[in-house]
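The opening position of the sequence shown corresponds to residue 257 in this note's numbering, with each subsequent residue numbered one higher.
Each residue gets a CB set at the ideal place from its N, CA and C atoms; glycine is no exception.
Working notes, beginning with the structure itself.
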Amino acid sequence: MVESRFVDDPLSKAPVKPIGVLAAFVAGFDRVAAKPILILPPLVLDLFLWFGPHLTLPFLAQMVPETLSALGDMIGPDSGIVADMTAVQLMLTSIIERYNVMSALSSLPWGTPFNLLLNITSLPAGLPSVMAGRMPVLTPLGQPQIIPLGSLPEVVTIWVVLISIGLGLGAFYHRWLAQQTSPDAELLSGWQAWGRMILLFLAVYIGGFLLLMVTGFLTMIIGLLLPFISGIVPMLLLVFLFWVTVYFAFTAHGIVLYRFRVVKAMLESARVVRLNLLSSVGFLFICFIITSFGSQIWIRPDEETWYSILALIGHAFVSTTLIAASYIFYQSRRTWLLRIQALLAAKVESAQDQSTSDIS
């Protein structure tokens, strides 16, 4: 008896559709709600940045007015410039007085305060934190222990060590979440993920530094030749940074889930996003909106009240949910693409075999 080769041919069936954007968030919420212990890493980090020792930079607070004063003498006694420099001095002094070098343990770049640009460019490989951006100077128990750092080399050394430790904590944290979202996956070991996260960090920030250098040079040249369009260059830079962030948003996921090296993970992230562009942009946009609005809620309680702990718990839960959802979304979309690719390849091979048999 001759059977139709289309009856039970699995290749004749379309792959199951990938998970939707909202479904990914629901799945991430379910994972975290089923195992609330997952929120502990970001929560513990925030408590440490709040109640733990604060590494401060008093020598920079002394350098800022001296540097700006010397710069003002070079520019001249222009009243507008003097007013601007006074405002800059107040802003920098305020940040330096609150800045805690321990904030480098978080995923915020350099542990600096929340703003739009940092929400976009935060490296999605570390531990999320509220207190890294808020930089509290008081606790319900009074002022935390203050440890002043006395020199720039000392600051740089400690900062590099803390960044490395923070990326390691983030690597193990991401691996733990990936285990919950993909229990059957053969994940990269935490130590290997740590090393690759450091390489990813270097790639992102060295590349960003070079990009800023090139952009600054182009802005200067265009400003001299075509001053009326010099303002376009920064706008183009922001657009470029936006799309780079979108296409490489799932780099850490490829490293942890599929054991990719950094470049391979970046290319695979770009491929998945390119072939799922609307869904990927929608997913990342919702993450950005939740993070941006959430950051305004988490900082509402005064830093010296115990109510801030509720904000820290809420932030830890929401952040963990978003990261878990991102792993679910990325794995589902990539698996779907691989199945479609395999299906198309099998159909091409089947057609070639059929044509060969017809000729023979």
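### Task
Could you spell out where the beta strand (DSSP E) holding residue 312 opens and where it closes?
Position 56 of the sequence shown holds residue 312. First-last of the beta strand (DSSP E) with residue 312: 310 to 312.
### Query
Would you say residue 569 and residue 433 are within 9 Å of each other, going by their C-beta atoms?
If you number the sequence shown from 1, residue 569 lands on position 313. If you number the sequence shown from 1, residue 433 lands on position 177. Between residue 569 and residue 433, the gap from beta carbon to beta carbon reaches 9 Å or more.
### Message
Would residue 384 and residue 575 qualify as a contact pair, given that the criterion is a beta-carbon distance under 9 Å?
### Response
The residue you call residue 384 lines up with position 128 of the sequence shown. The residue you call residue 575 lines up with position 319 of the sequence shown. A Cβ-Cβ contact shorter than 9 Å links residue 384 with residue 575.
### Three CB pairs or more closer than 8 Å across the stretch 540 to 557 and the stretch 398 to 408
no
### Message
Is the separation between the beta-carbon of residue 435 and that of residue 441 shorter than 9 Å?
### Response
Stepping through the sequence shown from its first residue, residue 435 is reached at position 179. Stepping through the sequence shown from its first residue, residue 441 is reached at position 185. A contact, by the Cβ cut-off of 9 Å.
### Message
Suppose the cutoff is 7 Å on Cβ atoms and the five residues either side in sequence are ignored; what does the same chain contact list for residue 454 look like?
### Response
One-based indexing of the sequence shown puts residue 454 at position 198. Result list for residue 454: 420 and 423, in chain order.
#### Entry: Best match in 467, 320 and 299 for proximity to residue 344 [C-alpha to C-alpha]
The residue labelled residue 344 in the question sits at position 88 within the sequence shown. When only C-alpha atoms are compared, the closest one is 320.
### Task
Hey, could you find the ends of the beta strand (DSSP E) residue 404 is sitting in?
Taking the first residue of the sequence shown as position 1, residue 404 is located at position 148. Unbroken beta strand (DSSP E) run through residue 404: 402 to 404.
### Query
By DSSP, does residue 445 sit in helix, in strand, or in coil?
On the sequence shown, residue 445 is found 189 positions in, with the first residue counted as 1. If DSSP states are grouped into helix, strand and coil, residue 445 belongs with coil.
### Task
Round the Cβ separation of residue 301 and residue 362 to the nearest angstrom and send it over; I've been treating them as touching at under 8 Å.
Mapped onto the sequence shown, residue 301 falls at position 45. Mapped onto the sequence shown, residue 362 falls at position 106. About 6 Å; that satisfies the 8 Å criterion.
### Buried or exposed by the 16-neighbour rule on C-beta atoms within 10 Å, applied to residue 605
Here residue 605 refers to the residue found at position 349 of the sequence shown. Classification of residue 605: exposed, given that the 10 Å Cβ count is below 16.
### Query
From residue 471 to residue 610, what distance separates their C-alpha atoms?
The residue given as residue 471 occupies position 215 in the sequence shown. The residue given as residue 610 occupies position 354 in the sequence shown. Cα to Cα, residue 471 sits roughly 56 Å from residue 610.
### Best match in 572, 600, 596 and 540 for proximity to residue 586 [C-alpha to C-alpha]
Stepping through the sequence shown from its first residue, residue 586 is reached at position 330. Residue 586 has its Cα closest to that of 540, out of 572, 600, 596 and 540.
### Query
First and last residue of the alpha helix (DSSP H) that includes residue 410?
Here residue 410 corresponds to residue number 154 of the sequence shown, with the count starting at 1. For residue 410, the enclosing alpha helix (DSSP H) has its first and last residue at 408 to 437.
### Message
On the DSSP letters alone, give me the boundaries of the alpha helix (DSSP H) that residue 304 sits inside.
### Response
Looking up residue 304 in the sequence shown gives position 48. It spans 296 to 307 - the alpha helix (DSSP H) in which residue 304 sits, taken as one unbroken run.
### Message
Less than 6 Å between C-beta atoms, sequence neighbours within five positions excluded: which residues of the same chain meet that for residue 590?
### Response
As a first step, residue 590 must be located in the sequence shown, where it is residue number 334. Hits under 6 Å: 528.
### Message
At the level of alpha carbons, what is the spacing between residue 322 and residue 348?
### Response
Counting from 1 along the sequence shown, the entry for residue 322 is found at position 66. Counting from 1 along the sequence shown, the entry for residue 348 is found at position 92. Looking at the two C-alpha atoms, the distance is approximately 13 Å.
### Task
Hey, could you find the ends of the alpha helix (DSSP H) residue 510 is sitting in?
Taking the first residue of the sequence shown as 1, we reach residue 510 at position 254. Residue 510 -> alpha helix (DSSP H) spans 507 to 514.
#### Entry: Residue nearest to residue 381 in terms of C-alpha spacing, selected from 430, 417 and 356
For this step, residue 381 is matched to residue 125 along the sequence shown. When each option's Cα is compared against that of residue 381, the closest is 430.
### Query
Within this structure, are the beta carbons of residue 294 and residue 405 separated by less than 9 Å?
Within the sequence shown, numbered from 1, the residue matching residue 294 stands at position 38. Within the sequence shown, numbered from 1, the residue matching residue 405 stands at position 149. Contact flag unset, no.
#### Entry: Where residue 362 falls: helix, strand or coil (DSSP)
By 1-based counting over the sequence shown, the position of residue 362 is 106. Note: residue 362 maps to strand in three-state DSSP.
### Query
In chain order, what residues of the same chain lie with their CB nearer than 7 Å to the CB of residue 459, ignoring the 5 residues before and after it?
As a first step, residue 459 is located in the sequence shown; it is residue number 203 there, counting from the start. Annotation for residue 459: 518 place their beta carbon closer than 7 Å to its own, counting only its chain and skipping 5 residues before and after.
### Message
Applying the 10 Å Cβ sphere with the 16-neighbour rule, what's the burial state of residue 499?
### Response
Stepping through the sequence shown from its first residue, residue 499 is reached at position 243. Its Cβ having fewer than 16 others within 10 Å, residue 499 is exposed.
#### Entry: Where residue 608 falls, given that 16 or more other Cβ within 10 Å makes a residue buried
For the purposes of this step, residue 608 is identified with residue 352 of the sequence shown, where counting begins at 1. It is exposed - the Cβ of residue 608 has fewer than 16 other Cβ atoms within 10 Å.
### Task
With distances taken Cα to Cα, identify the nearest neighbour of residue 451 among 573, 534 and 515.
Here residue 451 is taken as the residue at index 195 of the sequence shown, counted from 1. Among 573, 534 and 515, the Cα nearest to that of residue 451 belongs to 515.
### Task
Following the continuous alpha helix (DSSP H) through residue 279, name the residue where it begins and the one where it ends.
Stepping through the sequence shown from its first residue, residue 279 is reached at position 23. Segment 277 to 290, the alpha helix (DSSP H) holding residue 279.
### Task
Could you pull out every residue in the same chain whose Cβ sits closer than 7 Å to the Cβ of residue 314, ignoring the five residues on either side in sequence?
Numbered from its first residue, the sequence shown carries residue 314 at position 58. Cβ neighbours of residue 314 beyond the five flanking positions: 404.
### Query
Going by the CB atoms, is the gap between residue 564 and residue 557 shorter than 9 Å?
On the sequence shown, residue 557 is found 301 positions in, with the first residue counted as 1. On the sequence shown, residue 564 is found 308 positions in, with the first residue counted as 1. Result yes, Cβ atoms of residue 557 and residue 564 sit closer than 9 Å.
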